[in-house]
Every structure is written in C-alpha cells, then in structure tokens.
Amino acid sequence: MADESQWRRCSACKQPIEFGSMYWTCNVSTCNRKRTGLAFCTVSCWEVHLPGANHRESWAVEQTAPSSAEAAAGAGGGGPARRGRKR
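What follows is the structure, encoded as structure tokens:
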C-alpha cells in the first residue's frame, strides 16, 4: 500500500517524492512522455539515466510535485483509454 504523503517514486533510486516537494525531470521529450514519466528526487539521480538515454544535449528541469488535493483531482479523469495491441 502506498504512503499517503508520497506522490511518486524516484525513477532512479526509488526513494519517495512527497506531495508538494521539488523534483527533477529531463528536458528531452522522449523522457517526458506519459508512458515513460521519469521523475527524479535529485539532480544526481537524473544524471544516472543519461548513459542509457543517449541524449545529445539535455538538462534537468526543476519542478514541484502537486499537492495531494491536486493529485486527487487529476486522478478522476483517468486519462485516455488504453488500447490493446493488434495482432
């Protein structure tokens, strides 16, 4: 069961990212897609993903995690419907 004060986990070290706290994302669009959704608790964790990502030029973008109320309001929409793979 997830901790009530936790928004997400760091994509590198798996430490919790708390609601309303600072976190970092990659500026490269392929790292910011909804399906990928990378979020890092520190710039050091962001740097860990660089060797495998093979970016030509990138930097960490500082962001603020939503409050628990904002996250609950956003979860109601559910996002786009998932489609199965055609065979």
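Counting from 23, one number per residue, gives the positions in the sequence shown under my numbering. Even glycine gets a Cβ: it sits at the ideal position worked out from N, Cα and C.
(Q) If you follow the beta strand (DSSP E) that W68 is in, where does it begin and where does it stop? (A) The residue you call residue 68 lines up with position 46 of the sequence shown. Here W68 belongs to no beta strand (DSSP E); instead the alpha helix (DSSP H) covers 65-70.
Q: Could you check if L110 is buried or exposed, using at least 16 other CB atoms within 10 Å of its CB as the buried criterion?
A: This structure cannot speak to residue 110, because the chain is shown only from 23 to 109.
Q: Between the Cα of C53 and those of P38, N76, C63, spot the shortest distance and give me the residue it belongs to.
A: On the sequence shown, residue 53 is found 31 positions in, with the first residue counted as 1. Measuring C-alpha to C-alpha distances from C53 to each of P38, N76, C63 identifies N76 as the nearest.
Q) Among C35, R55, F41, R31, which one has its Cα closest to the Cα of A93? A) Taking the sequence shown and counting its residues from 1, one reaches residue 93 at position 71. Ranking C35, R55, F41, R31 by Cα distance to A93 puts F41 first.
Q.
According to DSSP, simplified to helix, strand and coil, what is T86?
A. Reading the sequence shown from its first residue, position 64 is the one you call residue 86. Secondary structure at T86: strand, using DSSP grouped into helix, strand and coil.
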